[in-house]
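Residue numbers (our numbering), protein chains in the order written: chain B, 413 to 524; chain V, 13 to 127.
Even for Gly, the Cβ is constructed at its ideal location relative to N, Cα and C.
These numbers come from a predicted model, not from an experiment.
One structure below.
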C-alpha cells in the first residue's frame with residue numbers, strides 16, 4: 413500500500429491559516445488523496461479529497477503538488493473547533509484497495 | 013438525519029462473556045466496516061462488508077465475528093472477549109465499495125473494557 417508521511421503535531425493560532433503537509437512519494441496514478449479528521453471523543457469525519465487538481469469545499473482546500481508526491485490541507489481560518497487529528501490517506505480506485513488505511517496523522521492544536 | 017449509530021456507547025464486561033456491538037446506518041449504504049482504535053496504534057480495520065452476506069477480514073480480525081444479514085445493520089460479535097480487546101470501536105459506512113471517491117461516515121464509537 414502506498415504510504416503517507418505527516419508531522420506528528422502542529423500548532424496554530426485561532427483565526428490564522430493552517431497548512432497541514434502530507435508526503436506520498438510512492439503514490440500511483442489511480443490513488444486519490446483523502447483527508448479525514450478526528451475531533452476529540454468523536455469518530456473520524458471526511459474533510460476533502462482530490463486526484464490531481466486543487467480542490468475547495470466549505471471545510472478546507474486541498475493543494476496537490478504537480479508531481480502528486482505531496483499535498484497540503486489548508487484551513488483558511490482556524491477555529492478552536494478545528495483542533496483534531498488530521499489524517500492523509502491514499503485510496504486506490506478499485507475493490508478492497510478502496511479501504512481506508514489510517515496512519516498516525518497530525519495532531520493540530522489551536523491556541524486562542 | 014443521515015447517520016451511523018452504535019450501541020452500546022460504553023460497555024464494561026468480563027473475560028469470556030459473549031457480547032455484540034450493534035451498528036446501523038440509515039443511508040442505504042452498501043459498504044460497512046469496523047475499526048478499533050488503540051493508543052499508539054491508531055485506527056485499524058477489523059472486518060468490512062461490501063454488501064449483504066458479503067464480508068471480509070481487515071487487518072486485525074482475530075477474536076471477532078461479523079454478519080451482514082440486512083443492508084442497514086452490521087453487528088460486531090466478540091464470542092469470548094479477552095482484555096486485549098479493550099479498545100475504542102468505530103463502525104463506518106459508505107455508499108459503495110471499490111469507489112475511491114466515496115466518503116465514509118463514522119459512528120460515534122463504542123468504548124469497550126474487558127476485565
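Between which two residues does the beta strand (DSSP E) carrying residue 95 (chain V) extend? Note, residue 95 (chain V): premise wrong, no beta strand (DSSP E); not H, not E.
Do you know how far the Cα of residue 518 (chain B) is from the Cα of residue 436 (chain B)? 15 Å
Distance check for residue 55 (chain V) and residue 44 (chain V), CA to CA, integer angstroms please. 15 Å
Looking at the C-beta of residue 60 (chain V), does it have a partner C-beta in chain B at a distance below 8 Å? yes
Give me the residue from B:513, B:522, B:523 and B:483 with the minimum Cα distance to residue 49 (chain V). B:513
Taking the alpha carbon of residue 19 (chain V) as the reference point, which residue from V:112, V:126, V:26 and V:36 has its own alpha carbon closest? V:36
For the putative contact between residue 469 (chain B) and residue 460 (chain B), defined by C-beta atoms under 8 Å, what is the C-beta separation to the nearest angstrom? 6 Å
Mind checking the segment 74-88 of chain V against chain B and listing, in chain order, the residues whose C-beta falls within less than 8 Å of any C-beta there? none
Beta-carbon proximity list for residue 98 (chain V), same chain, < 8 Å, skipping 5 on both sides: 124, 125 and 126
Those residues which DSSP pairs with residue 68 (chain V) across a bridge: V:60
Identified DSSP bridge partners for residue 416 (chain B): Paired residues: none, contrary to the question.
Beta-carbon separation of residue 15 (chain V) and residue 62 (chain V) under 8 Å? no
My output table needs one value for residue 492 (chain B): the three-state DSSP class, helix, strand or coil. helix
Taking only runs of the beta strand (DSSP E) that begin and end inside the segment 448-485 of chain B, which ones reach a length of at least 3 residues, in chain order? 457-462 and 473-476
Starting from the beta carbon of residue 418 (chain B), find every residue of chain V whose beta carbon is closer than 8 Å, and list them in chain order. The premise fails here: residue 418 (chain B) is roughly 12 Å from chain V at the closest Cβ pair, so nothing lies under 8 Å.
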